[in-house]
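Here is the structure we will look at.
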Amino acid sequence: RKRHLAALLKNRRRRDVGDWTGHMSFSKTLLKWRVIGEGYSSQLSIDEQKYIFRLGFRMWSEVSPLEFQEDLHSPLEDIDIRLGFGTGRHLGCSQRFDGAGHEFAHAWFLGDIHFDDDEHFTVPNTGSGISLLKVAVHEIGHVLGLPHIYRAGSIMQPSYLPQDSGFEIDWMDRKSIQSLYGVCQGRFSAVFDWIRKELTPYGEVTVRFNTYFMRDGWYWLYENRNNRTRYGDPVAVPVGWNGLPDSGVDAYVHVWNRKTDAVYFFKGVQYWRYDSENDRVFANDSLGRSYPRLISDDFPGVIGPLDTAYYDRRDAHVYFFKGSQVFRFDVRTNRLAKSSPQRITAVFPAVVPGDHPVRNVDASYFSYTHNSVFLLKGERYWRVVSARDRRRKPSLPLNALLPHRDVDQQWFDICDVHSSSLR
Amino acid sequence: EKIFHSRDHSDVVDMNNIHQAEAITDKHTAQLFLFKYGFIRASDSDEVQSLAEPVSDTDDIFPLNLQEAGALSRSSRTELQNQQPEFISALREFQRVSSLPVTGVFDDATKAAMNQPRCGVPDQEEQPELTESNSISIQNHTEVMQNHNEVTPNSADVMQNHNPAVR
Chain A
105 RKRHLAALLK NRRRRDVGDW TGHMSFSKTL LKWRVIGEGY SSQLSIDEQK
155 YIFRLGFRMW SEVSPLEFQE DLHSPLEDID IRLGFGTGRH LGCSQRFDGA
205 GHEFAHAWFL GDIHFDDDEH FTVPNTGSGI SLLKVAVHEI GHVLGLPHIY
255 RAGSIMQPSY LPQDSGFEID WMDRKSIQSL YGVCQGRFSA VFDWIRKELT
305 PYGEVTVRFN TYFMRDGWYW LYENRNNRTR YGDPVAVPVG WNGLPDSGVD
355 AYVHVWNRKT DAVYFFKGVQ YWRYDSENDR VFANDSLGRS YPRLISDDFP
405 GVIGPLDTAY YDRRDAHVYF FKGSQVFRFD VRTNRLAKSS PQRITAVFPA
455 VVPGDHPVRN VDASYFSYTH NSVFLLKGER YWRVVSARDR RRKPSLPLNA
505 LLPHRDVDQQ WFDICDVHSS SLR
Chain B
119 EKIFHSRDHS DVVDMNNIHQ AEAITDKHTA QLFLFKYGFI RASDSDEVQS
169 LAEPVSDTDD IFPLNLQEAG ALSRSSRTEL QNQQPEFISA LREFQRVSSL
219 PVTGVFDDAT KAAMNQPRCG VPDQEEQPEL TESNSISIQN HTEVMQNHNE
269 VTPNSADVMQ NHNPAVR
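The listed protein sequences derive, respectively, from chains A and B. Residue 308 in our numbering sits at position 204 of the first sequence; the count goes up by one each step and never skips. Residue 256 in our numbering sits at position 138 of the second sequence; the count goes up by one each step and never skips.
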């Protein structure tokens with residue numbers, strides 16, 4: 105026991121308490137967790153317990169820069185968060201449980217979570233009892249450094265409220281955890297609004313769109329009205345975009361005018377045309393040639409790999425970005441504009457001198473929500489001056505870039521999760 | 119659901135004899151609740167202070183809890199009940215944070231709230247002297263949690279647009 109205690113003291117989990125801001129927080133973003141061997145509940149199957157804990161950690165990972173990984177092999181003292189069930193005096197804990205009712209669990213900042221196995225814990229959406237998922241998300245919040253929060257809707261309320269069908273971490277709780285760990289940031293490989301036509305029960309054609317952010321092999325659907333991503337995202341690209349490469353895409357272009365309605369995805373030197381109605385890539389083009397095809401074959405003068413691209417309906421040109429240059433491609437004549445390629449700074453001049461992405465634009469994005477084009481690079485974006493802007497201020501040059509802002513101040517909580525928790 | 123442990127299914131776990139937590143029914147058990155969850159601070163009264171001495175690893179951090187109440191000597195239990203002012207102010211604080219009518223009286227609504235299943239982490243902690251972090255000035259952590267417009271002052275307009283209270 106002495107050796108074990110010495111080892112514990114020597115290898116005390118490296119838990120630097122950041123500058124004391126009232127609450128402790130982990131100083132790293134990848135956290136390992138494990139259910140203690142002797143700490144499984146006798147009421148739920150091991151798979152159910154693990155599924156629920158994995159989901160609980162994922163829910164926090166979806167709204168913060170933190171990532172969680174179950175670790176079954178490292179020494180116990182290297183595990184950041186240890187979970188276990190027990191009754192009465194349990195797991196060597198100094199606070200005994202009181203039996204069914206009242207205290208159902210407790211947690212220690214930056215440490216362990218114990219669940220009272222006298223309680224009737226249930227898996228999500230099954231009858232009465234205490235939702236283990238909701239309790240787990242609450243206690244994980246404590247371990248991450250959140251105190252009790254007395255606000256309707258907060259997951260950190262001290263008393264248990266029966267779980268409404270699908271509880272999620274709301275805006276204020278997100279800001280609470282982000283006040284400890286910062287907001288989610290990172291570059292995107294493509295951002296686009298995907299348009300689909302649908303028939304109403306009355307036979308009318310309605311047009312729907314959704315906004316998507318892609319980063320390498322993952323994507324999020326972003327709900328503009330709710331200022332957040334879809335619950336449960338990110339998802340692996342092949343899961344949602346049938347036929348696209350696992351590693352994601354460089355660019356998305358939707359050529360949409362009176363004669364044409366075509367969606368293209370570009371990756372490397374190749375491109376695919378996407379069948380929006382059947383939600384998968386086309387196997388062949390109209391001449392029976394199979395996709396993917398070489399970009400340069402069908403977009404003469406344009407050679408992949410590209411940084412990004414978008415279609416501008418005002419002048420019926422696709423703007424292909426590559427390095428510090430932009431290529432304007434006329435879809436009506438299927439030819440590059442005579443003036444192409446040009447410097448991005450020439451085609452998209454900066455309103456404020458020097459405030460410009462200059463080269464290597466990550467994503468160009470025409471947003472139907474904002475009726476504007478955005479150029480994203482790293483954690484910043486620049487909005488292209490729109491026709492409305494120029495009506496208000498005629499002095500603004502065509503396609504000028506307004507001063508940059510931070511991506512995470514316009515599109516909120518787009519967070520990675522650990523690959524092990526991808527569904 | 120029946121739960122069996124031994125292979126011959128002889129030890130049906132009787133869900134009825136699962137140990138039940140002691141209900142909070144009177145001022146005494148209410149006082150223990152308020153102490154356990156930090157509404158009655160250890161420093162509030164000397165008597166309570168002696169009960170909450172720093173504990174070694176093996177003892178409870180909260181020497182008072184619902185099972186062990188019986189173990190208290192009669193004299194300290196009555197003294198605990200005489201902590202009237204502390205008890206009332208702690209009760210009012212609990213009622214306030216629980217969105218109950220703040221009566222300072224151990225009424226039915228308060229009793230029901232105290233008997234709710236809940237997390238074992240204390241509500242009120244011994245807050246150390248809070249220092250101003252580099253970007254946010256925190257007077258009281260709870261205040262920051264409830265009013266996010268201050269967290270990122272430079273984007274207060276954004277927070278203003280997205281603050282659910284405004285939405």
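All C-beta atoms in this analysis are idealised placements derived from N, C-alpha and C, irrespective of residue type, glycine included. Nothing here was measured: the structure is a model prediction, and the numbers come from that model.
Asked	Found
Sequence-distant residues of the same chain with beta carbon closer than 6 Å to GLU171/B, five excluded per side	Note that GLU171/B scores a pLDDT of 33, beneath 50, so its modelled location is shaky and nothing firm can be said.
Identity of the residues DSSP links to MET318/A by a beta bridge	ALA294/A, TYR323/A
Min CB distance THR473/A to chain B below 8 Å	no
Distance between beta carbons of HIS210/A and GLY222/B, contact taken as under 8 Å	No, GLY222/B and HIS210/A are not in contact; Cβ-Cβ is about 28 Å, not under 8 Å.
Proximal residues of chain B, C-beta to C-beta of ALA211/A below 9 Å	CYS237, GLY238, VAL239
Proximity to GLN514/A [Cα-Cα], best of HIS246/A, CYS288/A, VAL311/A	CYS288/A
Local Cβ density within 10 Å of HIS177/A, reported as buried at 16 or more and exposed below that	exposed
Counterpart residues of ARG432/A in DSSP-defined beta bridges	TYR423/A
Beta-carbon gap between VAL521/A and GLU483/A smaller than 8 Å	no
Amino acids of chain A, ordered along the chain, whose beta-carbon sits closer than 8 Å to that of GLN202/B	Those within 8 Å of GLN202/B in chain A number zero; the least Cβ separation is about 25 Å.
Simplified DSSP state of VAL343/A, which is helix, strand or coil	helix
Expected contact under 8 Å - CB spacing of CYS519/A and SER129/A to nearest Å	Not really, about 16 Å apart at Cβ, beyond 8 Å.
PHE172/A to LEU135/A span [Cα, whole Å]	5 Å
Within chain A, the residues that ALA231/B reaches when beta carbons sit closer than 8 Å	SER263
Identified DSSP bridge partners for LYS371/A	GLN374/A
Interface residues of the region 209-221 of chain B facing chain A [CB-CB below 8 Å]	VAL215, SER216, SER217
Local Cβ density within 10 Å of PRO219/B, reported as buried at 16 or more and exposed below that	exposed
Buried or exposed by the 16-neighbour rule on C-beta atoms within 10 Å, applied to LYS154/B	buried
Closer than 8 Å to chain B by CB, GLU327/A	no
Reduced DSSP secondary structure (H/G/I, E/B, other) of HIS246/A	helix
Neighbour-count burial assignment, GLY141/A, 16 or more Cβ in a 10 Å radius	exposed
Members of the region 138-151 of chain B near chain A, C-beta cut-off 9 Å	GLN138, ALA139, GLU140, ALA141, ILE142, PHE151
Contact residues within the region 236-256 of chain A, judged by C-beta distance below 9 Å to chain B	VAL239, HIS242, GLU243, HIS246, LEU250, PRO251, HIS252, ILE253, TYR254, ARG255, ALA256
Closest by C-alpha distance to LYS363/A, when choosing among ALA420/A, THR473/A, LEU440/A	ALA420/A
Euclidean distance between Cα positions of SER193/B and GLN261/A	Note that SER193/B scores a pLDDT of 48, beneath 50, so its modelled location is shaky; the value from the coordinates is reported in the next line. One C-alpha to the other measures close to 36 Å.
Contacting positions in the region 166-193 of chain A - beta carbon closer than 8 Å to chain B	THR191, GLY192
Residues of its chain near PRO342/A, where Cβ-Cβ distance is below 7 Å and the 5 sequence neighbours each way are ignored	LEU348, ASP350
TRP275/A in three-state terms, based on DSSP	helix
Beta-carbon gap between PHE157/B and ASP225/B smaller than 8 Å	no
Euclidean distance between Cα positions of LEU500/A and ARG492/A	11 Å
Identity of the residue in ASN330/A, TYR335/A, LEU480/A, ALA413/A nearest GLY372/A by Cα	ALA413/A
CB contact check: ASP459/A to chain B, cutoff 8 Å	no
Interface residues of chain B facing PHE157/A [CB-CB closer than 7 Å]	Within chain B, no residue comes near PHE157/A; the closest Cβ sits about 16 Å away, beyond 7 Å.
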